[in-house]
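Okay, so here's the structure we're looking at.
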Amino acid sequence: MSEQHDVEANRELVLRFYQALERGDFSLEGILFDESYKQHSVMAGDGVKGLKEMAAWMAKEWPDRKLTIHQTICEGDKVACHVHFERWPGDPGLAAVDIFRVENGKVVEHWDVVQEIPTEFKHNNGMF
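Quick note on my numbering: the sequence shown kicks off at 3 and runs consecutively.
Okay, structure coming up:
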């Protein structure tokens with residue numbers, strides 16, 4: 003498999019994760035995540051169990067959530083995504099940059115930086 007194919011396969015894997023997160027469906031967990039999955043986000047516990055617990059909490063708290071991926075950047079075994087997370091309709095939401103490390107076709111590690119989207123900006127550029 004070429005490195006370019008690996009990069010595209012990694013991007014598709016991460017996009018499948020976001021689709022599952024938006025639906026609240028983790029039936030693909032064994033396909034998407036390696037059992038050695040490491041979590042670096044302060045918002046979730048470690049491992050697949052911690053991720054599932056966070057996703058279940060999000061599904062309960064924000065049943066009408068919406069995720070919009072504005073850009074993906076892929077290099078080697080890393081996929082970074084700039085994401086708008088709306089918790090409910092009309093919510094300014096959260097801006098996030100998620101970084102995933104993929105190994106052997108599964109996500110093995112995750113980092114993120116998340117911030118609330120303010121209602122007023124000091125510029126007219128927006129966050130996305």
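Beta carbons are placed, not taken as given, at the ideal position from N, Cα and C, and that holds for glycine.
- For D79, the closest of L23, N106, D93 and H72 by C-alpha to C-alpha distance is N106.
- A Cβ-Cβ contact shorter than 8 Å links D36 with V109.
- For the 8 Å CB-CB criterion, R25 and W64 do not form a contact.
- Across the structure, Q21 and V116 are spaced so that their CA atoms are roughly 19 Å apart.
- Runs of the beta strand (DSSP E) lying entirely within the region 89-125 and spanning at least 3 residues, in chain order: 96-105 and 108-118.
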